[in-house]
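Visitor: Quick note: the sequence shown uses my numbering, first residue 1, plus one each step.
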Amino acid sequence: MSACSDDSTAGDDALESTGGDEIDSTAGEGESAGESAGESGGGEGESGGGESGEDTDDTGGSAEPFVPFDEADWAHGDISIERVEVNQGVAITVVENGELVPADQRPGLVKDRNALIQAFWSVPANWQPRPILAKLHVRETDGTLRTYEVTKTIEGEPSQGSLAGALTWQLPADNFQGNLEFFIELWEAEDPGSVAASSASPSTPSGGMQPIGVTDEPMEVKLWMVPVQYANGNCVRDTTETLTEEFDTFTNYFFSQNPIHTLNVAIHEEPLVVDFEVTTLSQINNMLVTRRFQDFADPNEYYFALLDACTGGIDGAGGLSPGTPMPLKGLGDLRVSTGLLASVEWSKGAFVHELGHNQGRPHSPCGDPDGPDPNYPYDGATIGVYGFDVLTGQWYPPTRKDYMSYCTPTWVSDWTWAYVHEQVRQLTSWDYEGKSGDEDFNEILHGWVHPSGEQSWWTSAGELPPEMLSVAESVAFYDGEGELIAEQPAASWVLDDDKTRYFMAEVPDSELDLVAEIVRVSKDVPSLVPRAEVVRRYDSQFLAPSQAPASE
């Protein structure tokens, strides 16, 4: 499998549509369990491989009922299929002990994305090695029945982490469709001779053709990559060239680890111009929030800035995002993040990590990060299952670390995949609703305060759900006579630099013009918000239609 894609654009500012490269729709005779199907870098895993098999369209698009094979066609010797996995980035078990795993009890799959389907067999101690014909039957969205065949010599137990260790079918994105159904049968590839007939059907899942658990919902991400022109003292840098030259490096790394079929991504044509010393990456995130407002960005668009400040860390951080927003339209100001340019290899990891925060994910518990996820299921933030890059064919062992941790080397875990899948599903759905819902937004005060005294405050149209509010935080609004207008409950948290505190509170009746003084109260300690420095981005929010590029 190669890392190439079809790009589609519409207009000068259109986002490029990046999807997965096609892989062989069938896998023919494989190698015996444990043999390599081709090395792919670093000795971590294997890629490529497999001889071509057959794929047949049985119905020509009709909804003809599927009929399983007759007992006379069963593979002999009591071979059975114990487990089936689908891997589009992480291994997801869809059949366990011959039974279908309910879709709501496992991470989500993605339509129109390359998929490996692997079946793991079980054989008795007296098994006689010989070639077995495995047939994967699928019913596509339009009712078409299609069969993929692979013949493999079964010698012993199967293994994970390679194409050759199991019965493997490589389905290209076009063939892994929404609402796909499947059934797998094991036949004899040759005359079994004196081998006894099987006592049970060597097929799965029980009950015949079953949904594999992929919905027909679109799964997309919209992303702006923003260069930074930085000039401070002897450090004069512009990341435009790096983003241009390494565009595929960054975007393919993100695509491979995210449950999406389309990545609408572009480099912003207007770099951020920074002519001051950056002392906290929140300063760059501030500029991204302004850029979102100027662009009339949709709520589900992400903005990421790449900064080269001639250092590997600013205030102890190599990347920073303002929070982990829930899938709500009114939290768009939190969908910005910044990463430093060190080596491209390091920075692409920071890129995926910070966008992970933008997608609502906290840290995974390795490397002593701030606010680790207490429910993360694997010790040391390992990914727990085999990972697979659908663009390069690279395998990643379960001992890899989740990309939301501070440990390396990384890949995505099934835990993170599952949560990001739901975030992506909900944010993508906003583009297909027909109604924006923006008119229901309120005026929200945002701000951050750094221990150095650096702070920034602004308002924008948005929402503040009750579950984000803290009992220990509030913001009081006073009129010109010093009378209290309202004391609003606030949301507040410390950013991942372990220093900067972020605040959100609803402006009373969205009437900032009536407010003369603002006081934030944190754990009963009042602090004055510099009212004259609060930038208002509310009234003009609805004066122009969205100029953001449409999702392809």
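We put the CB at the ideal spot given by N, CA and C, even for glycine. All figures in this text were calculated on a predicted structure; none of them were measured in a lab.
State the beta-bridge partners of Gln-170 as determined by DSSP.
Guide: Leu-116, per the DSSP bridge assignment.
Visitor: So the alpha helix (DSSP H) Phe-351 belongs to, where does it begin and stop?
Guide: Element bounds for Phe-351: 344-358.
Visitor: Can you give me the Cβ contacts of Gly-356 inside the same chain, cut-off strictly under 6 Å, excluding the 5 residues immediately before and after it?
Guide: So the qualifying residues of the chain are Met-404.
Visitor: What residue from Arg-83, Gln-118, Asn-97 and Gly-77 has the CA that sits closest to Arg-130's CA?
Guide: Looking at the Cα atoms, Gly-77 is the closest of the given residues.
Visitor: Under three-state DSSP, which class holds Lys-554?
Guide: One cannot answer for residue 554 here, as it falls past the ends of the chain, which runs 1 to 552.
Visitor: Would you kindly check if the distance between the Cβ of Leu-306 and the Cβ of Leu-243 is under 8 Å?
Guide: Against a cut-off of 8 Å, the Cβ pair of Leu-306 and Leu-243 comes out as a contact.
Visitor: Please work out which residues of its chain come closer than 8 Å, Cβ to Cβ, to Leu-484, disregarding the five sequence neighbours upstream and downstream, and give them in chain order.
Guide: Counting only Cβ-Cβ distances below 8 Å, and skipping sequence neighbours, we find Ala-476, Phe-477 and Tyr-478.
Visitor: Report the option in Ala-461, Pro-65, Val-94 and Thr-239 whose CA atom is closest to the CA atom of Glu-269.
Guide: Of the listed residues, the one whose Cα sits closest to Glu-269 is Thr-239.
Visitor: What are the uninterrupted segments assigned as beta strand (DSSP E) that are 3 or more residues long and contained completely in the region 125-156, given in chain order?
Guide: Listed in chain order, they are 130-139 and 145-154.
Visitor: Do Ser-460 and Gly-447 have their C-beta atoms closer together than 8 Å?
Guide: Against a cut-off of 8 Å, the Cβ pair of Gly-447 and Ser-460 comes out as no contact.
Visitor: List, from N- to C-terminal side, the beta strand (DSSP E) runs of 3 residues or more that fit wholly inside the region 351-406.
Guide: Runs of the beta strand (DSSP E) inside the region 351-406: none found.
Visitor: So, helix, strand or coil for Gly-50, using DSSP?
Guide: Low confidence applies to Gly-50: its pLDDT is 36, below 50, so where it sits in the model is not reliable, and the reading given next is rough at best. If DSSP states are grouped into helix, strand and coil, Gly-50 belongs with coil.
Visitor: Report yes or no: is there a C-beta of chain D within less than 8 Å of the C-beta of Leu-320?
Guide: Looking at the structure shown, chain D is missing, and only one protein chain is on hand.
Visitor: What would DSSP say about Lys-329, mapped onto helix, strand or coil?
Guide: Lys-329: helix per DSSP, three-state reduction.
Visitor: Which word fits Asn-286, buried or exposed, when buried means at least 16 other C-beta atoms lie within 10 angstroms of its C-beta?
Guide: Asn-286 is buried by the Cβ-count criterion.
Visitor: Quick check on Val-471: buried or exposed, where buried means 16 or more other Cβ atoms within 10 Å of its Cβ?
Guide: Counting Cβ neighbours within 10 Å, Val-471 comes out exposed, since fewer than 16 surround it.
Visitor: Using the three-state DSSP reduction, which class does Arg-335 fall into: helix, strand or coil?
Guide: Three-state result, Arg-335: coil.
Visitor: Just how far apart, CA to CA, sit Ser-429 and Ala-119?
Guide: Distance between the alpha carbons of Ser-429 and Ala-119: 33 Å.
Visitor: Quickly, what does DSSP pair Ala-461 with across the bridge? List them, please.
Guide: Note: Ala-461 sits in a beta bridge opposite Glu-443.
Visitor: In the DSSP assignment, find the unbroken beta strand (DSSP E) run with Trp-81 in it and report its ends.
Guide: Note that residue 81 is Ile in the sequence shown, not Trp. Counting along the chain, the beta strand (DSSP E) containing Ile-81 begins and ends at 80-87.
Visitor: Pull the bridge partners of Cys-235 from the DSSP assignment, please.
Guide: Answer is Asn-232, bridged to Cys-235.
Visitor: His-353 to Gly-480, Cα distance in whole Å?
Guide: So the alpha carbons of these two residues sit roughly 45 Å apart.
Visitor: Specify, as a first and last residue, the run of the beta strand (DSSP E) that Arg-536 falls within.
Guide: 535-537 is the extent of the beta strand (DSSP E) around Arg-536.
Visitor: Please report the distance separating the alpha-carbon of Phe-293 from that of Asp-333.
Guide: Near 9 Å, if we compare the C-alpha coordinates of Asp-333 and Phe-293.
Visitor: Below 8 Å, how does it come out for the region 104-117 and the region 157-177: are there three or more Cβ pairs, yes or no?
Guide: Yes, they touch.
Visitor: How long is the line joining the alpha carbons of Val-535 and Val-344, rounded to whole angstroms?
Guide: Each residue's Cα considered, the two are about 35 Å apart.
Visitor: Given Glu-433, which residues of its chain have a CB within under 7 Å of its CB, disregarding the five upstream and five downstream residues?
Guide: Here the set comprises nothing.
Visitor: Could you spell out the range, first to last residue, of the beta strand (DSSP E) harbouring Ile-92?
Guide: Unbroken beta strand (DSSP E) run through Ile-92: 91-96.
Visitor: Going by beta carbon distance, what residues of the same chain come within less than 8 Å of Gln-617, once the five residues before and after it are set aside?
Guide: Residue numbering for the chain in the displayed model covers 1 to 552; residue 617 lies beyond these limits and cannot be assessed.
Visitor: What three-state label does DSSP hand Val-614 in the structure shown?
Guide: Because the chain in this structure spans residues 1 to 552, residue 614 falls outside the shown range and cannot be described.
Visitor: Go ahead and label Phe-254 buried or exposed: buried means 16 or more other beta carbons lie within 10 angstroms of its beta carbon, across all protein chains shown.
Guide: Under this definition Phe-254 is a buried residue.
Visitor: Is the Cβ-Cβ distance between Pro-102 and Ile-92 less than 8 Å?
Guide: Cβ atoms of Pro-102 and Ile-92: not closer than 8 Å.
Visitor: What first and last residue would you give for the alpha helix (DSSP H) that runs through Tyr-419?
Guide: Taken as a continuous stretch (DSSP letters only), the alpha helix (DSSP H) holding Tyr-419 covers 414-429.
Visitor: Since Phe-477 is in the beta strand (DSSP E), which residue starts that stretch and which ends it?
Guide: Phe-477 -> beta strand (DSSP E) spans 470-478.
Visitor: Are the CB atoms of Asp-496 and Asp-566 within a distance shorter than 8 Å?
Guide: Only positions 1 to 552 of the chain appear in the structure, and residue 566 is not among them; the question remains open.
Visitor: With burial defined as no fewer than 16 other Cβ atoms inside 10 Å of the residue's Cβ, what is the status of Cys-235: buried or exposed?
Guide: Exposed, by the Cβ-count rule.
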